[in-house]
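Engineer: Quick one: this structure, given as structure tokens, is what I'll be asking you about.
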Amino acid sequence: MSDPIQNISSSDPKRELLRHTVATVAYRGGKAVRNAPAGFADFQAGQGTRTPGQILAHIGDLFDWALSIAMGQQKWSDSKPLPWEGEVERFFSALKKFDDFLASSESLHAPSEKLFQGPVADALTHVGQINILRRLASAPVKGESYYVAEIQTGRVGADQTKPKREF
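For the sequence shown, the residue numbers in numbering that gives the first Met the number 0 are 0 to 166.
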């Protein structure tokens, strides 16, 4: 293995902010994928656009990639989308694996800022795309004040707190 860029404990503020961001992806992403109507995975807004299933598969790939970077063994793959529920499970599983690594005492082999600006920020963008596609598919997700949402570092599974203020 190469020398780690950061040998960090869980008290590192950058690593903790990255973990909180991953929990934010879980919260917002969970809301975007929850209760999607039948057939939504294959909805296409226009010719040449990704379907929600393809976008969700890409998000899973992003977090697999983030983990590989963090471990010092960068690897990318383009996964073929699973059926919607399988892809939703993969989404949360990939988040958990990445968060578990960030929560560990293992050395981080990339700067937190690079992990944020690449795969994590990209995932947030794609969660927004899924929300837009939900609206276009006549199955909108309610808006919410995410500032008051109860997002907790480490809570990266499908089980999220209920929204405090939707509109």
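For each residue, glycine too, the CB sits at the ideal point set by N, CA and C.
Using the Cβ count rule (16 or more neighbours within 10 Å means buried), how would you classify Phe97?
Structural biologist: What you label residue 97 is simply residue 98 of the sequence shown in a count that begins at 1. Phe97 comes out buried.
Engineer: Between Thr152 and the rest of its own chain, which residues show a CB-CB distance below 6 Å, the 5 nearest in sequence each way excluded?
Structural biologist: Start at 1 with the first residue of the sequence shown, and residue 152 comes out as number 153. Answer for Thr152: Arg18, His19 and Ala22, listed in chain order.
Engineer: Of the choices Phe166, Val140, Leu16 and Ala40, whose alpha-carbon is the least far from that of Val87?
Structural biologist: Walking along the sequence shown from the start, residue 87 turns up at place 88. For the residues Phe166, Val140, Leu16 and Ala40, the minimum Cα distance to Val87 belongs to Ala40.
Engineer: Does the separation of the CB atoms of Val32 and Val119 fall below 8 Å?
Structural biologist: Your numbering for residue 32 matches position 33 in the sequence shown. Your numbering for residue 119 matches position 120 in the sequence shown. Going by C-beta atoms, Val32 is not nearer than 8 Å to Val119.
Engineer: Specify, as a first and last residue, the run of the alpha helix (DSSP H) that Ile68 falls within.
Structural biologist: Within the sequence shown, residue 68 is the residue found at index 69, counting from 1. Taken as a continuous stretch (DSSP letters only), the alpha helix (DSSP H) holding Ile68 covers Pro51 to Ala69.
Engineer: Taking the alpha-carbon positions, what's the Leu55 to Ser104 distance?
Structural biologist: Numbered from 1 along the sequence shown, position 56 holds the residue referred to as residue 55. Numbered from 1 along the sequence shown, position 105 holds the residue referred to as residue 104. Taking the straight line joining both Cα atoms gives about 29 Å.
Engineer: Assuming contact is defined by CB atoms lying nearer than 8 Å, are Leu61 and Asp121 in contact in what I supplied?
Structural biologist: As a first step, residue 61 is located in the sequence shown; it is residue number 62 there, counting from the start. As a first step, residue 121 is located in the sequence shown; it is residue number 122 there, counting from the start. Cβ atoms of Leu61 and Asp121: closer than 8 Å.
Engineer: Quick check on Glu105: does DSSP put it in helix, strand or coil?
Structural biologist: Position 106 of the sequence shown, counted from the start, is the residue given in the question as residue 105. Residue state, collapsed to three classes: coil.
Engineer: Secondary structure at Glu15, three-state DSSP: helix, strand or coil?
Structural biologist: Residue numbering aside, residue 15 sits at position 16 when the sequence shown is read from its first letter. Three-state result, Glu15: helix.
Engineer: Among Pro51, Ile129, Arg49 and Leu101, which one has its Cα closest to the Cα of Leu69?
Structural biologist: One-based indexing of the sequence shown puts residue 69 at position 70. It should be noted that the sequence gives Ala, not Leu, for residue 69. The shortest C-alpha separation from Ala69 is found at Leu101.
Engineer: For the stretch 33-53 against the stretch 129-136, are there 3 or more C-beta pairs whose distance is under 8 Å?
Structural biologist: The answer is yes - the stretch 129-136 touches the stretch 33-53, with three or more Cβ pairs under 8 Å.
Engineer: From Gly71 to Leu114, what distance separates their C-alpha atoms?
Structural biologist: As a working mapping, residue 71 is identified with position 72 in the sequence shown. As a working mapping, residue 114 is identified with position 115 in the sequence shown. C-alpha separation (whole angstroms): 12 Å.
Engineer: Have a look at Pro82 and Gly59 and give me their C-alpha separation to the nearest angstrom.
Structural biologist: Residue 82 sits at position 83 when you count from the first residue of the sequence shown. Residue 59 sits at position 60 when you count from the first residue of the sequence shown. Straight-line Cα distance between these residues: approximately 13 Å.
Engineer: By Cβ distance, which residues of its chain are closer than 6 Å to Lys161, with the 5 residues on each side in sequence left out?
Structural biologist: Here residue 161 corresponds to residue number 162 of the sequence shown, with the count starting at 1. Cβ neighbours of Lys161 beyond the five flanking positions: none.
Engineer: Using 10 angstroms around the beta-carbon of Tyr146, count the other beta-carbons present and answer buried if the total reaches 16, otherwise exposed.
Structural biologist: Indexing the sequence shown from 1 puts residue 146 at position 147. Exposed, because fewer than 16 other Cβ atoms sit within 10 Å of the Cβ of Tyr146.
Engineer: Keeping to the same chain, check which residues put their C-beta closer than 6 Å to that of Gly142; ignore five residues upstream and five downstream.
Structural biologist: Along the sequence shown, one-based indexing puts residue 142 at 143. Counting only Cβ-Cβ distances below 6 Å, and skipping sequence neighbours, we find Phe166.
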